[in-house]
Structure formats: structure tokens, C-alpha cells
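Written out below as C-alpha cells is the structure these notes cover.
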Amino acid sequence: MEDITNIFFMCIVNALMFAMFYVLVSLGLTLVYSILDIVNFAHGEFYMFGGFTAYVLFSKLHVNYFLTLAAAFLVVGAFGVLIEKLIFKRFRGMILQSFIVSLGLIWIFRELARYIFGHWEKEIPVVFKGIITVGKISFSVERLVITIIGFLLITGLFLFITKTKHGRAMRALAQNPDAAALQGVDINFISALAFGIGCGLASMGGVLVGSYLFVSPTMGAHVIMKAFIIIILGGLGSIPGCLLGSLTLGLVDSFGCAFFKVPLVEFITYIVIFVLLVVRPRGLMGHE
Amino acid sequence: MRKKNLLISIFLLAIGIFLSRESFSETLLIGVDAPLTGTAASWGLGQMRSAEMRIDEYNAKGGLNIKGVNYKLELVAYDNKAQAAEATSVAKKLVYEKNVKFILGAAAGATCRGIQTVTGPSNVMLTMCCWGKELLGKEVPLNFRSAHTPFEMADAFMSSIKKTHPEIKTIAIFSPNDTSGWDGGKGALRAAEKLGINCIAEEYYERDVTDFHAVLTRVLAKKPDLLELAASAMGAGSIILKQAHEMGYRGYKSWLANSMPYGVMKIAGAEPSEGLYQCASWDYFSPKFTLPELREAHKKYKERYGEEWDYFGSGNYAISKIVIDSMVKAQSLDPVVVAETMVANQPYTTIFGPVIFGNASVYGLPRALMHPLVLSQIRGGKIVNISFGLHPELAKVVGDWKFPK
């Protein structure tokens with residue numbers, strides 16, 4: 597009985613931490629979709645750039661970790677703005693075209709990273725050392741801190757979207773671009789800002805997770821698949837839906853693996869998502 | 004008149020260029036069909052670079068002389084992106100367009116299956132590090148493997164660990180969910196069962212998974228004595244060690260196919276990787292259980308490419324020499340003749356020590372490279388070579404061979 601209780605609580609902890617790991621990337625993706633109406637499959641590569649920013653700044657140049665986090669947001673975010681202006685701007689509202697273009701960007705970014713950094717995984721020193729044990733449940737301090745930082749970033753995004761002028765402009769643009777333009781919203785500026793923030797958030801995810809796992813040119817591949825599942829599950833364009841989608845996926849994964857083998861859990865995960873989407877095609881919190 | 008002078012000049016120039024070529028040499032193309040980009044690039048690049056280093060060595064000595072003709076070796080390497088369809092397409096290009104007869108370097112099991120659909124019927128020799136029982140044998144007699152697989156090393160590996168730690172009664176195995184992963188997992192399982200070690204968990208995961216907390220929650224609840232990582236790649240295996248450590252696991256650890264222990268130490272961390280046993284890599288620079296030639300080769304590789312050289316790449320380096328020397332010995336570029344020569348003239352002295360092509364009892368033909376197995380362990384942040392052993396088949400040939408002191 598005690599073992600089952602421990603497993604239960606460990607699953608809850610795992611699900612929460614799993615959700616925080618992926619939500620930063622997913623939020624950026626859903627933000628970009630909701631405002632620009634494009635599907636950026638290369639979003640995972642900005643997450644990868646964040647990881648390598650941490651590798652260069654924190655691991656090699658010994659810059660303070662939190663400064664590295666901020667630098668990743670600014671540098672990768674600025675790069676995202678550039679990519680939006682040069683490439684995605686002309687594909688706003690064109691889902692298929694933006695998807696195809698982003699596929700090409702994936703290969704370019706990945707091979708660029710491989711050319712610069714090599715193909716082997718790179719490590720980032722452990723930032724927050726130690727293990728916390730509560731009863732028979734153990735987890736690392738690092739994982740807890742990443743979860744807290746992730747939560748704070750999400751809160752920060754929420755406040756930005758709801759309380760600031762630019763945030764309100766983004767919501768207006770997401771609801772009705774024509775009406776927003778009539779109200780004086782600079783569509784080009786807000787679109788670029790949203791894209792930059794989305795990429796910046798993904799890069800911060802890369803810094804946080806990269807320091808916990810490792811960084812590699814292909815680290816974006818796995819996370820982008822999970823991110824898409826999360827935003828579809830939560831409802832395309834919905835930020836609260838993104839959170840709920842992450843938690844749902846985390847719970848299915850966590851409890852599933854507690855009782856079944858991993859390949860079966862993957863299968864169960866997709867079945868659950870399929871059923872949820874059949875029952876509610878717009879996602880858990882998507883709009884009609 | 005002017006036109007005539009121009010034609011004569013061009014003709015004389017052409018003669019001059021032709022005559023200035025080195026000793027009327029022919030070119031022998033050596034192919035590599037390996038993942039040079041993508042997630043498996045770490046293995047594929049090692050394969051390509053080994054072939055490249057070897058080819059440069061032979062060319063520096065004047066190439067090969069086969070039946071009075073001087074051959075310059077030239078590497079033709081194409082990227083198959085670790086995809087079977089692409090590997091087949093590359094093999095067709097090498098064999099049908101470039102007329103390559105020797106493909107010395109391939110990695111990733113699924114791609115090798117694709118490659119041999121081309122090389123097999125065309126009588127092209129293929130050397131590879133891919134795992135998979137069906138990649139060697141009577142149906143593909145020109146396939147040679149350049150590295151140990153679980154069939155060559157699992158028994159000795161598990162046996163050494165059990166001898167050192169007789170208290171080990173249970174094992175939990177983690178391995179990727181593909182053919183190489185199953186080979187590794189099943190190999191470790193077979194070896195463990197022979198020793199009476201009970202397998203309490205056999206987990207196969209998708210290669211891109213990085214969060215193992217959920218599955219470790221279930222597995223560690225069963226309290227395994229030994230955590231075996233089988234065919235896990237460096238990144239994933241390191242993460243499993245790290246996350247298991249965080250979740251309180253302090254038992255024994257082993258990793259059958261770990262070929263990059265320095266990378267593991269960096270990613271997993273010092274404490275999680277402490278005490279890890281491995282046999283597919285060891286301290287190549289230690290004077291203990293290594294030959295000077297191995298140390299020298301690793302030094303050369305690191306200087307040239309700026310990276311650590313993995314075990315599978317160095318295996319390709321060793322087998323490339325055997326193949327090319329056999330061409331010279333047989334005075335033939337016919338892969339069938341070269342293959343026969345390779346098997347007939349063993350054992351060979353290589354950077355690993357003495358090697359033979361063996362394990363016919365498993366594959367039907369002696370095509371698996373077998374060399375002294377070095378057991379190593381991570382201790383205090385360093386790789387320590389603990390002992391070595393010879394597969395019974397190798398021991399039968401080389402007798403009481405030992406590393407020089």
C-alpha cells in the first residue's frame with residue numbers, strides 16, 4: 597500500500613514537472629499561431645538555439661546563469677524577429693506554406709548547429725545541486741528550480757498578455773486582425789514582437805532543460821512533436837489550453853509509465869488524444 | 004594556320020598533363036554509406052573518418068600495387084541520414100554509378116539491411132559496425148562486422164560483473180526500441196539469465212525520449228541490484244543514470260554498448276556515473292590493457308578531428324587495414340577473393356591486439372571481428388581499465404596472449 601502511495605505521489609510530481617518542461621515551448625508555438633496564423637515547425641530549433649546559448653555563455657564563458665537565461669531570451673528572440681520579418685511575414689495566414697518553409701528552416705538550423713558545435717551531445721554544468729527527499733520520493737533541486745522558473749515565466753507571459761498595451765494588442769490581433777488594425781494596432785510590429793517572444797520563450801526552455809539534460813543539434817526534434825500535441829490538445833491559440841494540455845499529457849505519460857511499458861504508453865497517449873479530439877475537436881480550451 | 008597551331012598546342016598540353024600523373028596510377032574507390040548528419044551522425048562520422056585516415060596512410064606510402072598496377076585509394080562517402088531507404092539509394096549510387104567494390108563503413112542497423120540488398124547481389128564487400136544477427140552469414144558472405152555485439156561480449160561482460168559482485172540477484176534493462184536496442188537488451192538478458200540473475204524489468208524506449216522519471220518510478224520500485232543500459236545511446240543512457248540517481252538509485256550500473264564514457268561522465272555527472280561498468284570502451288590512453296598503436300591512433304584522430312574517437316570508429320580503422328592488406332596479399336581486387344584471404348590468414352595484429360573473424364556458431368560464417376575484451380569502470384571521474392579477457396574462440400587461436408606490461 598505504501599509503495600502504491602509513493603508511486604502515486606511520484607507520478608503527480610513527474611506530471612507537474614513534465615508539464616513545466618514542455619509548456620514554455622508550447623506557449624511560444626501557440627502564441628505564434630494565434631497571432632500570425634502560421635505553423636512554425638522550426639520552433640523547436642529556437643529551443644535548441646537557447647540550449648547552445650547556455651552552452652556558450654554559461655558553460656564556456658562562465659556567465660551567470662540568470663543572465664544567460666535573459667541573454668538567450670533577447671538574442672534568440674531578436675533572431676526570431678529577424679526570421680519573421682525576412683521569411684514568415686509573407687506567409688501570414690498561410691498555414692501550409694509556412695509549414696513547408698519551416699521544414700526547410702529545420703534542416704538549415706540543425707545543420708548549422710552541427711557545423712558549429714559538432715554532432716556529439718554537449719553538457720552544461722549542474723546549476724542547482726542536491727536532491728530533495730520527501731518520505732520515499734526523491735527529485736533533484738535542479739528539476740524543482742526549473743519547474744518554479746518555468747511557472748514564473750508563464751505567469752510573466754500571462755501578465756504581459758493581459759496587463760500591457762502590447763499584450764492587449766496581441767490579443768486584439770488574435771481575435772480580429774482587421775478590427776485591430778482599425779483600432780491603430782501596428783500589425784507588423786505586433787506580429788514580429790509575438791514571434792520574437794515566442795522564440796525567446798522557447799530559447800529559455802532550451803536553457804533550462806539543456807542544463808538539466810544536454811544540448812545537441814537535434815534536441816528540438818522531440819520537443820516540437822510534444823509541443824504540437826500539447827497545443828492541439830489544449831486548443832490552438834489558447835494559452836490556458838496550452839497549460840492544460842501540458843498537464844494532461846504529463847498525467848497520461850506519468851501514470852501510464854507507472855503501470856505499462858513505454859511503447860504501450862506512447863500508443864495509449866495517442867489514443868487518449870484522439871478520443872479527446874473526437875469528443876472536443878477544438879481542443880480542451882480552444883475557440884470555435 | 005593559327006587554328007592548326009592551337010590544335011597542336013592543345014594536343015601537346017594534354018600529353019603533358021597525362022604524362023605528369025603519378026606513375027600511371029589507377030584509382031580504387033572505397034565507399035562509405037553512413038549517417039553523416041542527424042542523430043546517428045556520431046557513429047557514421049567515426050566510420051567515415053576511420054576509412055579516411057586509413058586511406059591517407061596507404062596513399063602516403065604510395066598506394067597499393069596489385070598485379071603491377073599502382074592504385075591510389077579514394078574515399079567516396081555519402082550521407083544516408085540513418086534512413087534505410089536513403090542508405091539503399093546511396094549504395095546503388097556507390098555500386099552502380101561509381102562501381103565501388105568495397106564499402107568500408109556503415110552504421111545503424113536498419114541502414115545496413117538496406118545497403119546489403121544492393122551489395123549482396125553485386126558481390127560487394129561491406130564492413131560495418133551495425134548490430135543484428137542477420138547482417139552476417141551465408142546469405143551475405145561478403146559482410147564483415149568491425150565491432151563486438153552482444154553475441155561477442157555480453158556473456159563475458161556480465162560474468163565479470165557477477166564475479167566481482169556475487170550479491171547481484173536482479174537486473175533492470177533499458178534499451179532503445181529498435182533492432183539494435185533489442186539486440187542489446189536481449190543480449191544482456193541472455194547473459195544475465197545464464198548467471199541466474201533475474202530480470203525484473205526490460206524496458207524499451209523510443210530514441211528521442213529524454214524524460215525517464217515516469218518509467219524509472221515503476222522500475223526502481225522493484226529495487227533492481229543492477230541497472231543495465233544495453234544499447235542506449237550516449238545522451239539517453241546518461242540521462243537514465245542521472246535521473247535514476249536523483250530518484251535514489253544507488254545500486255550497480257553497467258552499460259554493454261557504451262562507447263563514449265567521457266561524454267557520459269559529463270552529461271550524467273560524476274556521482275551518477277560513478278562505478279559504471281562498460282566493455283565497449285575503455286581508457287584508450289592508459290598503458291594498462293592497451294597497445295601503443297591504439298594510443299597513437301586515438302591521439303592522431305583527436306588531433307585531426309578535434310573529438311574523441313568512439314569504439315566503433317576505431318573498429319573500422321582496424322578492419323580497413325585487414326581488408327586492404329588482404330587485397331595486396333591476394334593480389335586481387337575481387338571482394339570474394341579478398342574475403343577468403345581475410346579469413347584464411349588470421350589472426351591479425353591490430354590496434355586492439357590480436358583479432359580473428361569468428362563466431363560462426365552464431366552467424367553461420369566467421370565474419371565477426373573478435374578482439375581482446377577490456378572491462379573498464381568509471382572511478383573517481385576517470386575510466387579505469389580493470390581487466391581483459393579473450394573470447395574462447397579467440398583464446399583457442401592466440402593462446403595465452405597478454406597485453407605487454
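Chain order of the listed sequences is D and H. Residues in the first sequence are numbered from 597 upward in steps of one, following our numbering. Residues in the second sequence are numbered from 4 upward in steps of one, following our numbering. Ideal Cβ positions, reconstructed from N, Cα and C, are used throughout, including at glycine.
- Listed in chain order, the alpha helix (DSSP H) runs fully inside the region 835-884 of chain D are 835-855, 858-875, counting runs of at least 4 residues.
- Chain-ordered, the chain H residues with CB closer than 7 Å to the CB of Leu809 of chain D read Thr213, Ile242.
- Secondary structure remark: continuous alpha helix (DSSP H) runs of at least 4 residues inside the region 627-676 of chain D, in chain order: 639-650.
- Contact check for Leu665 of chain D against Leu804 of chain D passes: the beta carbons are separated by less than 9 Å.
- In the structure shown, the three-state DSSP call for Ser241 of chain H is helix.
- CA-CA distance, Ala90 of chain H to Arg116 of chain H, rounds to 9 Å.
- Apart from the 5 residues on each side of it in sequence, Tyr252 of chain H sits with its Cβ closer than 7 Å to the Cβ of Leu223, Leu230 in its chain, given in chain order.
- In the DSSP assignment, the residues bridged to Asp36 of chain H are H:Tyr81.
- If you draw a straight line from the Cα of Gly879 of chain D to the Cα of Phe360 of chain H, it comes to about 58 Å.
- Secondary structure at Phe754 of chain D: helix, using DSSP grouped into helix, strand and coil.
- Per DSSP, the unbroken beta strand (DSSP E) holding Gln380 of chain H starts and ends at 376-382.
- Setting aside the 5 residues that flank it on each side, Ser241 of chain H is surrounded in the same chain by Val267, Ile270, Ala271, each with a C-beta closer than 6 Å to its C-beta; the list follows chain order.
- Taking a cut-off of 8 Å for Cβ pairs, the region 106-121 of chain H and the region 46-53 of chain H touch, as three or more such pairs fall below it.
- In this structure, Thr130 of chain H lies away from Ser364 of chain H, with their beta-carbon atoms at least 9 Å apart.
- Remark: C-beta atoms of Ile835 of chain D and Phe785 of chain D do not approach each other more closely than 9 Å.
- Proximity of chain D to Gly41 of chain H at the Cβ level (cut-off 8 Å) is accounted for by Thr814, in chain order.
- Any Cβ of chain D closer than 9 Å to the Cβ of Ala113 of chain H would place that residue at the interface, and such an atom is absent.
- A Cβ-Cβ separation of about 6 Å places Val339 of chain H in contact with Asn126 of chain H under the 8 Å criterion.
- Contiguous alpha helix (DSSP H) elements confined to the region 219-267 of chain H occur at 237-249, taking only those with 4 or more residues.
- Looking at the backbone, the Cα of Met250 of chain H and that of Trp716 of chain D are separated by about 26 Å.
- With contact defined as three or more Cβ pairs closer than 8 Å, the region 820-835 of chain D and the region 279-296 of chain H are not in contact.
- Close partners of Arg221 of chain H in chain D (Cβ separation under 8 Å): Ile603, Cys853, Ala854, Phe855.
- Taking one beta carbon from each stretch, the region 864-878 of chain D and the region 645-653 of chain D have fewer than 3 pairs nearer than 8 Å; the two do not touch.
- The region 167-182 of chain H makes contact with the region 196-215 of chain H: 3 or more CB pairs, one atom from each, lie closer than 8 Å.
- Per DSSP, Gly361 of chain H is one residue of the beta strand (DSSP E) stretching across 356-361.
- Residues of chain D whose Cβ lies closer than 8 Å to the Cβ of Asn180 of chain H are, in chain order, Val858, Pro859.
- Under DSSP, Gln281 of chain H shares a beta bridge with H:Trp258, H:Ser379.
- Taking 9 Å as the cut-off, the beta carbon of Ile733 of chain D is found closer than this to the beta carbon of Val609 of chain D.
- Using beta-carbon distances, Gly714 of chain D counts as an interface residue toward chain H, with a partner under 9 Å.
- Note on geometry: alpha-carbon atoms of Ala300 of chain H and Phe724 of chain D lie some 39 Å from one another.
- Inter-residue distance for Ile750 of chain D and Leu620 of chain D is about 7 Å (C-alpha atoms, whole angstroms).
- The C-beta of Leu48 of chain H comes closer than 9 Å to at least one C-beta of chain D.
- For the region 815-849 of chain D, the beta-carbon criterion of a distance under 7 Å to any beta-carbon of chain H is satisfied by Ala817, His818, Asp849.
- Here Asn8 of chain H is exposed, its C-beta having fewer than 16 other C-beta atoms within 10 Å.
- Identification of chain H residues near Met616 of chain D by a Cβ-Cβ cut-off of 9 Å yields none; the smallest Cβ-Cβ distance measures about 11 Å.
- Contacts with chain H (Cβ-Cβ distance below 9 Å) from the region 651-664 of chain D involve no residue at all.
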